[in-house]
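Residue numbers (my numbering), protein chains in the order written: chain A, 17 to 440; chain B, 58 to 408.
This report refers to the structure that appears directly beneath it.
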Amino acid sequence: MDLIKRAITCLLVVCLLATPVLACGGETQSETKEIRIGVIGPTFYVQGQHHRYGAEMAAEEINKAGGISIGEDTYRIKLFFANSNELLSVTDAANAMERLISVNRVSFVMGGIRTEAVQAMQDIAMDNKVIFLGSGAAAVELCTRVTENYDRYKYWFRVAPVNSDHLGHVSFQMLGMVAAAVAQKTGNTPRVAIFAEQAVWTDPIVAAAQANIPLMDMEVAGTWRVSATATDVTSELTAIRNAGANVIFTALSGPVGRHYVQKWGELEIPAASVGINVEAQDAGLKALPTKGNYETTLNMYARVNLTEKTIPFYDTFVDRFGEPPTYNAGTYEAMYVLKEAIERAGTLDPDSVVEEIEKTDRISPAGRITFDDSHDIVWSPGYVTTVGIQWLDGEMHCVWPPADGSWEDVSYEGVVPYKLPPWM
Amino acid sequence: MIGLLGSYLRRPYKELKGEVLVLPSRTIVVVFCLALLLLPLLTSDSYTLRIFILAGIFAILAASWDLLSGYTGQMNLGHALFFGVAGYTSALLNTNAGLHPGLSIPIGSIAAVVAGLIVGIPCLRLRGPYLALATLAFPLILTGVIFAVPGITGGELGISGLSVLTGSRVGDYYLIMVLALVLGFVMWKICNSKTGLIFHALREDEVAVRASGINTTRYKLLAFCLSGLFAGVAGGLYVHFMRIASPSSLELMLSFQVIIWAVFGGIATIYGPMAGAFVLVPLTEYLRNMPPPVDEMRMLIIAAIILLVLLFMPEGLVSRLRDRMEKVCPRCKIRNIASRHECRICHTALD
Numbered sequence: 017m018d019l020i021k022r023a024i025t026c027l028l029v030v031c032l033l034a035t036p037v038l039a040c041g042g043e044t045q046s047e048t049k050e051i052r053i054g055v056i057g058p059t060f061y062v063q064g065q066h067h068r069y070g071a072e073m074a075a076e077e078i079n080k081a082g083g084i085s086i087g088e089d090t091y092r093i094k095l096f097f098a099n100s101n102e103l104l105s106v107t108d109a110a111n112a113m114e115r116l117i118s119v120n121r122v123s124f125v126m127g128g129i130r131t132e133a134v135q136a137m138q139d140i141a142m143d144n145k146v147i148f149l150g151s152g153a154a155a156v157e158l159c160t161r162v163t164e165n166y167d168r169y170k171y172w173f174r175v176a177p178v179n180s181d182h183l184g185h186v187s188f189q190m191l192g193m194v195a196a197a198v199a200q201k202t203g204n205t206p207r208v209a210i211f212a213e214q215a216v217w218t219d220p221i222v223a224a225a226q227a228n229i230p231l232m233d234m235e236v237a238g239t240w241r242v243s244a245t246a247t248d249v250t251s252e253l254t255a256i257r258n259a260g261a262n263v264i265f266t267a268l269s270g271p272v273g274r275h276y277v278q279k280w281g282e283l284e285i286p287a288a289s290v291g292i293n294v295e296a297q298d299a300g301l302k303a304l305p306t307k308g309n310y311e312t313t314l315n316m317y318a319r320v321n322l323t324e325k326t327i328p329f330y331d332t333f334v335d336r337f338g339e340p341p342t343y344n345a346g347t348y349e350a351m352y353v354l355k356e357a358i359e360r361a362g363t364l365d366p367d368s369v370v371e372e373i374e375k376t377d378r379i380s381p382a383g384r385i386t387f388d389d390s391h392d393i394v395w396s397p398g399y400v401t402t403v404g405i406q407w408l409d410g411e412m413h414c415v416w417p418p419a420d421g422s423w424e425d426v427s428y429e430g431v432v433p434y435k436l437p438p439w440m
Numbered sequence: 058m059i060g061l062l063g064s065y066l067r068r069p070y071k072e073l074k075g076e077v078l079v080l081p082s083r084t085i086v087v088v089f090c091l092a093l094l095l096l097p098l099l100t101s102d103s104y105t106l107r108i109f110i111l112a113g114i115f116a117i118l119a120a121s122w123d124l125l126s127g128y129t130g131q132m133n134l135g136h137a138l139f140f141g142v143a144g145y146t147s148a149l150l151n152t153n154a155g156l157h158p159g160l161s162i163p164i165g166s167i168a169a170v171v172a173g174l175i176v177g178i179p180c181l182r183l184r185g186p187y188l189a190l191a192t193l194a195f196p197l198i199l200t201g202v203i204f205a206v207p208g209i210t211g212g213e214l215g216i217s218g219l220s221v222l223t224g225s226r227v228g229d230y231y232l233i234m235v236l237a238l239v240l241g242f243v244m245w246k247i248c249n250s251k252t253g254l255i256f257h258a259l260r261e262d263e264v265a266v267r268a269s270g271i272n273t274t275r276y277k278l279l280a281f282c283l284s285g286l287f288a289g290v291a292g293g294l295y296v297h298f299m300r301i302a303s304p305s306s307l308e309l310m311l312s313f314q315v316i317i318w319a320v321f322g323g324i325a326t327i328y329g330p331m332a333g334a335f336v337l338v339p340l341t342e343y344l345r346n347m348p349p350p351v352d353e354m355r356m357l358i359i360a361a362i363i364l365l366v367l368l369f370m371p372e373g374l375v376s377r378l379r380d381r382m383e384k385v386c387p388r389c390k391i392r393n394i395a396s397r398h399e400c401r402i403c404h405t406a407l408d
C-alpha cells in the first residue's frame, strides 16, 4: 500500500515538475502553425511529377530555414498533392481541385498543365478565392481572364512557362539560328516544315510561322498537325523528307514529342529539328536508342548561369530526382513567390497576398520574376528569357541565346555552339 | 379536418404498402431516392456533393444510352455526340445570347434531338458493327468541326464563363438530383409503355415487327430523338455545372464510359445504367484519392470489377440482384419477393 502511495506521490511530483516544460513546449508548438498548399497535376506523367518535385524541394528548403513568418508566428508549409488526370479528363481535374479546397482545406494551389482543364480548375479556385499559381499551361487566354474580370480572376498568376506568344518568339529566334547553320552548310535557302500538335497554344505559333518564315528568307515546305498523344509519326516525317525540308520547326508538348524524336533520329530525316518539344526537356529522352541527339528545344532551365541561383537549383534537382527540371518544376519558384508575398502581406488573407504577389520582383533560377497587369510572368531580356537546349551525346546543352550575345546582348556563361545533325 | 387529411394520406399509404414495400427492388429504389435527397442534410462538403452531382448527370446520360441501345438494340458507340451538341448549343446561347440556363438547356436538348435525327437517318439501313462504327464517327466529325471554327466554338479552349445553374452547391445538387430521378422515371415509363414494347421488339426481331405493320423507321428515329433529348439535358446540365463546354465532352472515352456504366448496372432496364453511374462514378473517384499504389491501379481495379460482373452477372449487377431477391409469377407475370411460395396476386405456386 505504501509502495502505491509512494508511486502516486512520485508521479504527481513528476507531473508538477513537467508542467512548465510541457507548457513551454505547447506554446512553441502553437507558434508553429501550418500553411496548407495544394499541388495539382497529372502525377503519373512527367509534367505532374515535376510539379511535385519542384514544390517538395522548395517546401523542404523553406521549412528547414524556419518556415514562413507572419508577424511573430512561424508557419510550416504542408503540401497536399492531387492527381488532376487532366491530360485525360477535365472532369477529374475539376474534381481534384474541389477536393484540395474543400477536403484538404488548402489556402493556395499551384500546378496545372492542360489549358482546357486549367480553365475549369481556375473557376473553382476563383469561386473559393484561393490563389492559384499556374506552372504549366501557356495559353494567353488564361491571363486574359484577369484583365477582363479582375475582381473574379485576380487570384490567378502564371509563374511558368512564359505565355505562348513569347514561347513562339523565342522559338523563332532559335529557328533563325538553326536556319543560318543549315544555309551555311547546304548553300541553299532553308525549307522549313512546320510540325505542331493540334492544340490551342500551337495555333498562334503555326499561324506566325506560316506568315513569318518567308519574311525570314526561308521557304515553308508545309504544315503537319498531329495529335498530342500520337504514337507514330513515320508517315508525317516521310512526307517532310519528300517535301524537301531541311529544317523542322516543332511545337509539341504531349507524349508525341518523344515518338517524334525517336523516329526522326532512327530515320535520319535530313532536316534539323528545332522549336518547342516538351518531351525533349525531360531526361527520359536519353533512354532512346538515339539518345535524343541533336534535338533542339526551348526550355525554362539549363545548366548555365541564368542567375546565380540557376546552377545550384539545377544541380540539387538533378542530384535529388535524377533528371533535370522541366518548366513544370516552376512550382519551386511559385513557392518562393508565395512565401515572400505572404511575409510581406503579414497575413494569409488572399486579397492582401494577391496585392503583394503583384509587387513581386525576385531573382529565381529561371530569371528575374515579375508579373504584368494580367498576372502573367514577364518575358524580356533581363527578366525570364527561357533558353534553347540541344541534346548532344545524351546530355542537354544550352545553345541559345548564343554565346556571342547577338540576341539583345544577352549571354549566359556555359552556352555551347549549336551543331547540325551529322546525317544532314 | 384531421379526418380529411387522414383520407388524403390513406391512399398513398396503401399504395406504398401494397405496391412498393412488397417488393425489395422497389423498396431499395425508394430508400435510394430518399438517401439522395437527404444527403445534403448529412454533409455540406462541396466535394462530396460535386461527385454525386456528376453521378446524377452521368446517370441521365447512361439511361438515355440504354433507351436507344439497350431497348432498341441500335448500338451507339458515339453517345457523347448528343451530350456535346447540347452542351455546346447551351454554352453558345448562354454566352452569346445571354440566355438563362433554364432556357439554354432545353434548347440545347432540342439541338441534340436534331443531332439524333441527323445520326439516325443515315444509320437506318445499318446494323450491328456497321451501325456502331458509323455512330462512332459522328463525335469525331463534330470534334473536327469544333477545331475548324475556333472563332465560334473556342477550339481546344472551349467556351468558358458560363452562367451557374443555381449559384449554390446544394441548389445545384437538388436541381440535378430531382431532374435525374424524374427523367429516369420518365424514361422508365416510356420503355414500359407500348412504345417501349415496340423498341424491345425492334431489338429482338425487326423483320417480325415490320411484318406486324409497324413503321420501324419511325420508331427507330423516335428512339434516336428521345435518346438525344435526354442525353441533351445531361449535356446542358454538365456544361453549366462545370461552366465550360470543351471538346472533352465529345471524347470517345466518355462514350465508352456510358456503355460501361450501362453494362455494369444492366442494360434494357433504365434503372440499371443509372445505378451503374451512381456506383462507378463515386467509386472511381474514391480509388483516385487512395494512397499509392491503389490510385495508380484504379483503372485496373475498375476494369477487374467490370470483368467480374460481366463474367458472373452478364445481365448486370442490378438485374442480377433483382432476380435474386424477386421471382416472377409464371401465370400472371407479377413480381414477388423471393421468399414467397405463392403469387401475391393470383396465388399460383412460385416454386
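Built from N, CA and C at the ideal position, the CB exists for glycine as well.
Here the structure is a predicted model, which means the values were calculated and not measured.
Exercise for the section: Could you pull out every residue in the same chain whose Cβ sits closer than 8 Å to the Cβ of P339 of chain B, ignoring the five residues on either side in sequence? Expected result: The residue labelled residue 339 of chain B in the question sits at position 282 within the second sequence. Taken in chain order, the residues that qualify are I108, F109 and A112.
Exercise for the section: Could you list the residues in the region 367-388 of chain B with a C-beta less than 9 Å from some C-beta on chain A, going in chain order? Expected result: none
Exercise for the section: Could you tell me whether the region 317-325 of chain B touches the region 187-206 of chain B, where touching means 3 or more Cβ pairs closer than 8 Å? Expected result: no
Practice task
Starting from S147 of chain B, follow the alpha helix (DSSP H) in both directions and report where the run begins and ends.
Solution key: Numbered from its first residue, the second sequence carries residue 147 of chain B at position 90. From DSSP, the alpha helix (DSSP H) with S147 of chain B extends over A137 to N153.
Handout entry: Residues near A259 of chain A by beta carbon distance below 8 Å, same chain, minus five either side
Key = To locate residue 259 of chain A, count along the first sequence from 1; it is residue 243. Contacts found: R207, A209, A237 and G238.
Problem - 8 Å contact criterion, which L259 of chain B and G130 of chain B should meet: CB distance rounded - result: On the second sequence, position 202 is the one that residue 259 of chain B refers to. On the second sequence, position 73 is the one that residue 130 of chain B refers to. The pair is a contact, with the Cβ atoms about 6 Å apart (cut-off 8 Å).
Practice task
Give the straight-line distance between the Cα atoms of H275 of chain A and D248 of chain A, rounded to the nearest whole angstrom.
Solution key: For the purposes of this step, residue 275 of chain A is taken as the residue at position 259 of the first sequence. For the purposes of this step, residue 248 of chain A is taken as the residue at position 232 of the first sequence. One C-alpha to the other measures close to 6 Å.
Problem - Simplified DSSP assignment, three categories, for N393 of chain B - result: Residue mapping note: residue 393 of chain B aligns to position 336 of the second sequence, counting from 1. It is a strand residue.
Practice task
Using the Cα positions of K170 of chain A and M137 of chain A, report the straight-line distance between them to the nearest angstrom.
Solution key: Numbered from 1 along the first sequence, position 154 holds the residue referred to as residue 170 of chain A. Numbered from 1 along the first sequence, position 121 holds the residue referred to as residue 137 of chain A. Each residue's Cα considered, the two are about 14 Å apart.
Handout entry: Whole-angstrom C-beta distance between L103 of chain A and Y69 of chain A, which should lie under 8 Å
Key = The residue given as residue 69 of chain A occupies position 53 in the first sequence. The residue given as residue 103 of chain A occupies position 87 in the first sequence. Y69 of chain A to L103 of chain A, Cβ: 18 Å. No contact.
Handout entry: Within chain A, partners of L346 of chain B - CB distance below 7 Å
Key = Translated into the one-based positions of the second sequence, residue 346 of chain B becomes position 289. The question names Leu, but residue 346 of chain B in the sequence shown is Asn. What N346 of chain B touches in chain A: R115.
Handout entry: Start and end residues, alpha helix (DSSP H) containing E261 of chain B
Key = Mapped onto the second sequence, residue 261 of chain B falls at position 204. Counting along the chain, the alpha helix (DSSP H) containing E261 of chain B begins and ends at K251 to E261.
Exercise for the section: Take the Cβ of W172 of chain A as the centre, count every other Cβ of all protein chains shown within 10 Å, and call the residue buried at 16 or more, exposed below. Expected result: Residue numbering aside, residue 172 of chain A sits at position 156 when the first sequence is read from its first letter. Answer is buried; the Cβ neighbour count reaches 16.
Handout entry: 4 or more residues per run - each alpha helix (DSSP H) lying fully within the region 152-192 of chain A
Key = 157-164 and 166-169
Problem - CB contact flag (A172 of chain B, L150 of chain B, <9 Å) - result: Here residue 172 of chain B refers to the residue found at position 115 of the second sequence. Here residue 150 of chain B refers to the residue found at position 93 of the second sequence. Result no, Cβ atoms of A172 of chain B and L150 of chain B do not sit closer than 9 Å.
Problem - Where the region 101-120 of chain B meets chain A: residues whose CB sits under 8 Å from a CB there - result: D102, S103, Y104, R107, I108 and L111
Exercise for the section: Please determine, among A:T107, A:Q135, A:A318 and A:K49, the residue with the shortest C-alpha to C-alpha distance to E342 of chain B. Expected result: For the purposes of this step, residue 342 of chain B is identified with residue 285 of the second sequence, where counting begins at 1. When each option's Cα is compared against that of E342 of chain B, the closest is A:T107.
Exercise for the section: With DSSP as the reference, please indicate the residues paired to T312 of chain A in a beta bridge. Expected result: In the first sequence, residue 312 of chain A corresponds to position 296, counting from 1. In the DSSP output, where bridge partners are listed per residue, T312 of chain A has A:Q406.
Handout entry: Alpha-carbon to alpha-carbon, N309 of chain A and A303 of chain A
Key = Position 287 of the first sequence, counted from the start, is the residue given in the question as residue 303 of chain A. Position 293 of the first sequence, counted from the start, is the residue given in the question as residue 309 of chain A. Computed Cα separation, rounded: 11 Å.
Exercise for the section: Mind checking the region 115-130 of chain A against chain B and listing, in chain order, the residues whose C-beta falls within less than 7 Å of any C-beta there? Expected result: R115, S118 and V119
Exercise for the section: Indicate the three-state DSSP secondary structure (helix, strand or coil) for L268 of chain A in the structure shown. Expected result: Along the first sequence, one-based indexing puts residue 268 of chain A at 252. Three-state DSSP puts L268 of chain A in a strand.
Practice task
May I have a chain-ordered list of the beta strand (DSSP E) segments no shorter than 3 residues that lie completely inside the region 44-122 of chain A?
Solution key: 48-57, 84-86 and 89-99
Practice task
Note down, in chain order, all residues in the region 190-205 of chain B with a beta-carbon under 7 Å from any beta-carbon belonging to chain A.
Solution key: F204
Practice task
Go ahead and pull the three-state DSSP assignment for G211 of chain B.
Solution key: Counting from 1 along the second sequence, the entry for residue 211 of chain B is found at position 154. If DSSP states are grouped into helix, strand and coil, G211 of chain B belongs with coil.
Practice task
State the Cα-Cα distance for the pair I391 of chain B and I317 of chain B, rounded to the nearest angstrom.
Solution key: On the second sequence, position 334 is the one that residue 391 of chain B refers to. On the second sequence, position 260 is the one that residue 317 of chain B refers to. Their Cα atoms are separated by approximately 30 Å.
Problem - Sub-9 Å separation of R52 of chain A and F124 of chain A beta-carbons - result: Residue numbering aside, residue 52 of chain A sits at position 36 when the first sequence is read from its first letter. Residue numbering aside, residue 124 of chain A sits at position 108 when the first sequence is read from its first letter. It is a contact, given that the beta carbons lie within the stated cut-off.
Exercise for the section: Answer with yes or no whether the minimum CB distance from D229 of chain B to chain A is below 9 Å. Expected result: Residue numbering aside, residue 229 of chain B sits at position 172 when the second sequence is read from its first letter. Chain A contact via Cβ: absent.
Handout entry: Near-chain A residues of the region 217-246 of chain B (beta-carbon distance less than 7 Å), N- to C-terminal order
Key = S217
Exercise for the section: Name, please, each residue of chain A whose Cβ falls closer than 9 Å to the Cβ of M299 of chain B. Expected result: Here the question's residue 299 of chain B lines up with position 242 in the second sequence. Result: V106, T107, A110, A136 and D139.
Practice task
Please check if any C-beta of chain B sits within less than 9 Å of the C-beta of Q214 of chain A.
Solution key: Reading the first sequence from its first residue, position 198 is the one you call residue 214 of chain A. Yes - at least one Cβ of chain B is within 9 Å of the one on Q214 of chain A.
Practice task
Taking only the alpha-carbon atoms, compute the straight-line gap between P397 of chain A and W416 of chain A and give it to the nearest angstrom.
Solution key: Within the first sequence, numbered from 1, the residue matching residue 397 of chain A stands at position 381. Within the first sequence, numbered from 1, the residue matching residue 416 of chain A stands at position 400. For P397 of chain A and W416 of chain A, the distance between alpha carbons rounds to 13 Å.
Handout entry: C-alpha gap between A288 of chain A and S380 of chain A, whole angstroms
Key = On the first sequence, position 272 is the one that residue 288 of chain A refers to. On the first sequence, position 364 is the one that residue 380 of chain A refers to. Each residue's Cα considered, the two are about 32 Å apart.
Handout entry: Coarse secondary structure for A237 of chain A, derived from DSSP in three states
Key = As a first step, residue 237 of chain A must be located in the first sequence, where it is residue number 221. DSSP places A237 of chain A in strand when its eight states are reduced to three.
Practice task
List the DSSP bridge partners of I379 of chain A.
Solution key: Position 363 of the first sequence, counting from 1, holds the residue named residue 379 of chain A. Bridge partners of I379 of chain A: A:R384.
Practice task
List the residues of chain A that G212 of chain B touches, going by C-beta distances under 8 Å, in chain order.
Solution key: Translated into positions along the second sequence, residue 212 of chain B becomes position 155. Within chain A, the residues near G212 of chain B are V216 and D219.
Handout entry: chain B residues whose Cβ lies nearer than 8 Å to that of E72 of chain A
Key = Residue mapping note: residue 72 of chain A aligns to position 56 of the first sequence, counting from 1. Within 8 Å Cβ-Cβ: nothing; E72 of chain A doesn't reach chain B, min ~15 Å.
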